[in-house]
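S.K.: The sequence shown maps to residues 288 to 435 in the working numbering. This structure is in structure tokens; I'll ask about it shortly.
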Amino acid sequence: MIRDLPYYDPDIDIDPVPAAAVELRRRLAQADGIILFTPEYNFGLPGGFKNLIDWASRPYGNHCLVGKPVAVLGSSPSGGGAAKSVTYLHTVLPLIGVELLDEEVTIGNVNKLLDPATGSPNPELADQLASMIAQLAAAAAAKKAQLT
Ligand SMILES: Cc1cc2nc3c(=O)[nH]c(=O)nc-3n(C[C@H](O)[C@H](O)[C@H](O)COP(=O)(O)O)c2cc1C
Numbered sequence: 288m289i290r291d292l293p294y295y296d297p298d299i300d301i302d303p304v305p306a307a308a309v310e311l312r313r314r315l316a317q318a319d320g321i322i323l324f325t326p327e328y329n330f331g332l333p334g335g336f337k338n339l340i341d342w343a344s345r346p347y348g349n350h351c352l353v354g355k356p357v358a359v360l361g362s363s364p365s366g367g368g369a370a371k372s373v374t375y376l377h378t379v380l381p382l383i384g385v386e387l388l389d390e391e392v393t394i395g396n397v398n399k400l401l402d403p404a405t406g407s408p409n410p411e412l413a414d415q416l417a418s419m420i421a422q423l424a425a426a427a428a429a430k431k432a433q434l435t
């Protein structure tokens, strides 16, 4: 879906809104919690990912991410673990009303942590991901309870 999104431009964010953006907003709005998992391009968020955030973040103050529990993690084949992308998201998303999990999860040297045949994470990484998912599920449940 990320490939179907046109570059964000307020001039095309009008009726009829591009179908890929409508679908993106629908899916994000119906989610109880969201995991944003990013690589890093040239020490920053990949352009397509930034574009997704731009589409999701409109209309201003009343968009599909407001109050949404979100977990952010990054990975890279190098040691950095996409830290700059993750830090960017941690800095910016709260400014647009997202309820982030506190922890910044960066997974460096990710290729060495995955089984080459299956792509499955090693036990340590699997535990780390499971812990993050459990935290997100708890935040999503708390949010739901708050709203009902
Ligand atoms: C244009 C480009 C820029 C990249 N810049 C970085 C970088 O700044 N830091 C890093 O750790 N890896 C960088 N990489 C390596 C990516 O982390 C690696 O290719 C990763 O597998 C990309 O994931 P993707 O295939 O899901 O986009 C870059 C790769 C590309 C294609």
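Here a beta-carbon is modelled for each residue, glycine too, at the ideal position from N, C-alpha and C. A quick note: this is a predicted structure, and the numbers were derived from the prediction, not measured.
1) Please list, in chain order, all residues with a C-beta atom less than 5 Å from at least one heavy atom of ligand 1.
2) Just to confirm before moving on: does the CB-CB distance between Gly366 and Pro326 stay below 8 Å?
3) Pull up the distance between the alpha-carbon of Val359 and that of Ala429, whole angstroms please.
4) Taking its Cβ as the centre, do 16 or more other Cβ atoms sit within 10 Å of Gly320, making it buried, or is it exposed?
5) For Ile340, which residues in the same chain have their Cβ closer than 6 Å to its Cβ, ignoring the five residues on either side in sequence?
6) Can the beta-carbon of Tyr261 be found less than 8 Å from the beta-carbon of Leu332?
7) From Gly368 to Glu391, what distance separates their C-alpha atoms?
8) Shortest alpha-carbon distance to Asp291 belongs to which of Pro297, Pro303, Ile301 and Val309?
9) Put Val385 into one of helix, strand or coil per three-state DSSP.
10) For Leu323, tell me which candidate among Asp402, Gly395 and Leu352 has the shortest Cα-Cα distance.
11) Can you tell me whether Lys355 is buried or exposed? The criterion is at least 16 other CB atoms within 10 Å of its CB, across all chains shown.
12) Count the other CB atoms within 10 Å of the CB of Ile394; is the residue buried (16 or more) or exposed (fewer)?
13) Can you tell me which of the three DSSP states Leu360 falls into?
14) Per DSSP, Pro408 forms a beta bridge with which residues?
15) Which residues share a DSSP beta bridge with Ile321?
16) Please list the terminal residues of the continuous beta strand (DSSP E) segment that includes Val392.
M.R.: Once the coordinates are examined:
1) Those residues that have a beta carbon less than 5 Å away from any non-hydrogen atom of ligand 1 are, in order along the chain, Pro326, Glu327, Tyr328, Asn329, Phe330, Ser363, Ser365 and Gly367.
2) Your numbering for residue 366 matches position 79 in the sequence shown. Your numbering for residue 326 matches position 39 in the sequence shown. Contact: no.
3) As a working note, residue 359 is residue 72 in the sequence shown. As a working note, residue 429 is residue 142 in the sequence shown. The alpha-carbon of Val359 is positioned some 18 Å away from that of Ala429.
4) Position 33 of the sequence shown holds residue 320. Around the beta-carbon of Gly320, 16 or more other beta-carbon atoms lie within 10 Å, marking it buried.
5) Here residue 340 refers to the residue found at position 53 when the sequence shown is read from its first residue. In its chain, beyond the 5 residues on either side, no residue has a beta carbon closer than 6 Å to the beta carbon of Ile340.
6) A query on residue 261 cannot be resolved here, the shown segment of the chain reaching from 288 to 435 and no further.
7) Taking the sequence shown and counting its residues from 1, the one referred to as residue 368 is at position 81. Taking the sequence shown and counting its residues from 1, the one referred to as residue 391 is at position 104. Distance between the alpha carbons of Gly368 and Glu391 is about 11 Å.
8) One-based indexing of the sequence shown puts residue 291 at position 4. When C-alpha distances from Asp291 are compared across Pro297, Pro303, Ile301 and Val309, the shortest belongs to Val309.
9) Working through the sequence shown from its first residue, we reach residue 385 at position 98. The answer is coil: DSSP assigns Val385 none of H, G, I, E or B.
10) As a first step, residue 323 is located in the sequence shown; it is residue number 36 there, counting from the start. If we check each option's Cα against that of Leu323, Leu352 comes out closest.
11) Counting from 1 along the sequence shown, the entry for residue 355 is found at position 68. Looking at its Cβ environment, which holds 16 or more other Cβ atoms inside 10 Å, Lys355 is buried.
12) Taking the first residue of the sequence shown as 1, we reach residue 394 at position 107. Buried is the call here.
13) Taking the sequence shown and counting its residues from 1, one reaches residue 360 at position 73. It is a strand residue.
14) One-based indexing of the sequence shown puts residue 408 at position 121. In DSSP, Pro408 forms a bridge with Leu401.
15) Here the question's residue 321 lines up with position 34 in the sequence shown. BP columns for Ile321 point to Val357.
16) Against the sequence shown, residue 392 aligns to sequence position 105. Where Val392 is concerned, the enclosing beta strand (DSSP E) stretches over Val392 to Ile394.
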